[in-house]
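Student:
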Amino acid sequence: MFTDASIDMKYEETFELVYRQLSHAKQHDSRYTKSDLQHFLNSLYDNHGNNWLGRSEVQEAVQSATIAAAELLLCQWE
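Just so it is clear: in the sequence shown, position 51 is 45 by my numbering, and no numbers are missing.
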């Protein structure tokens, strides 16, 4: 069983990793566009809504952190 602290730590680790990876793509890949990020985010939303098999608390934290990181970068896109 996972503790709330370990789930929170996994969320933070995932958020930071995903945000760094997406930011790197934005800064260093001229072909990576805001539209690409929006499509990625839309696929995350679709996957998040398709929880018919159920997810563990850790899987839910990872997915939520990934969505949050993508949403933040999309909001910051200039």
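Glycine is no exception: its CB is placed at the ideal position from the N, C-alpha and C atoms.
1. Once the 5 residues before and after Lys20 are set aside, which same chain residues still bring their CB inside 8 Å of it?
2. CA-CA distance, Glu7 and Tyr13?
3. Between the Cα of Tyr5 and the Cα atoms of Cys69, Thr60, Glu65, which residue gives the shortest distance?
4. By the 10 Å Cβ neighbour count, where 16 or more other Cβ atoms means buried, how is Leu38 classified, buried or exposed?
5. Can you say whether Trp9 is buried or exposed, counting buried as having 16 or more other CB atoms within 10 angstroms of its CB?
6. Would you call the CB atoms of His42 and Gln57 closer than 7 Å?
Tutor: Well, looking at it:
1. Residue 20 sits at position 26 when you count from the first residue of the sequence shown. Cβ within range, chain order: Tyr26, Leu31, Leu67, Trp71.
2. Counting from 1 along the sequence shown, the entry for residue 7 is found at position 13. Counting from 1 along the sequence shown, the entry for residue 13 is found at position 19. Rounded to the nearest angstrom, the two C-alpha atoms are 10 Å apart.
3. On the sequence shown, residue 5 is found 11 positions in, with the first residue counted as 1. That would be Thr60, whose Cα lies nearest to the Cα of Tyr5.
4. Walking along the sequence shown from the start, residue 38 turns up at place 44. It counts as buried.
5. Mapped onto the sequence shown, residue 9 falls at position 15. For the record, residue 9 in the displayed sequence is Phe; it is not Trp. By the 10 Å Cβ count, Phe9 comes out buried.
6. Taking the first residue of the sequence shown as 1, we reach residue 42 at position 48. Taking the first residue of the sequence shown as 1, we reach residue 57 at position 63. In this structure, Gln57 lies closer than 7 Å to His42 by Cβ.
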